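K.L.:
Residue numbers (UniProt numbering): 1 to 77. Glycine residues also receive a C-beta, built at the ideal position from the N, C-alpha and C atoms. Keep in mind it's a predicted model, so treat the numbers as computed, not measured. Once you've had a glance at the structure underneath, I'll fire off some questions.
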Amino acid sequence: MMEIARSKDIYRNIWNANIGFDKIKCIEHGSYDLGVAAACLGRGHIDLTALPTLVRTLKKGKLSSSEHRHLILTDSL
Numbered sequence: 001m002m003e004i005a006r007s008k009d010i011y012r013n014i015w016n017a018n019i020g021f022d023k024i025k026c027i028e029h030g031s032y033d034l035g036v037a038a039a040c041l042g043r044g045h046i047d048l049t050a051l052p053t054l055v056r057t058l059k060k061g062k063l064s065s066s067e068h069r070h071l072i073l074t075d076s077l
């Protein structure tokens with residue numbers, strides 16, 4: 001998928017990093033205006049401990065959106 005994304009030549013930055021409690025060094029604090037996590041949080045995917053990291057990458061006062069089913073959230077806790 002990374003190679004396909006690179007081949008599109010439309011992305012400024014492309015990273016492959018684990019998201020969790022550890023800071024992702026390649027993404028600066030407050031870098032983005034918008035964060036979206038769609039159907040990726042839950043068992044077997046991105047753990048809920050990733051939320052602070054996702055929020056940290058947003059500029060102060062900017063938006064974050066996540067979409068998931070209740071079942072996924074309760075299974076992850």
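Is A17 helix, strand or coil by DSSP?
P.N.:
Of the three classes helix, strand and coil, the one that applies to A17 here is coil, per DSSP.
K.L.:
With distances taken from CA atoms, which of M1, L63, T53 and A37 is nearest H29?
P.N.:
Comparing Cα-Cα distances from H29 to each of M1, L63, T53 and A37, the minimum goes to T53.
K.L.:
Looking at A5 and A11, is the spacing between their C-beta atoms short of 7 Å?
P.N.:
Sequence check: residue 11 is Tyr here, not Ala. For Y11 and A5, yes; Cβs fall inside 7 Å.
K.L.:
Taking A39 as part of the beta strand (DSSP E), name the residues at either end of that continuous run.
P.N.:
It is not in any beta strand (DSSP E) - A39 carries neither H nor E in the DSSP assignment.
K.L.:
With 16 as the cutoff for other CB atoms within 10 Å, does K8 come out buried or exposed?
P.N.:
With fewer than 16 other Cβ atoms within 10 Å, it is exposed.
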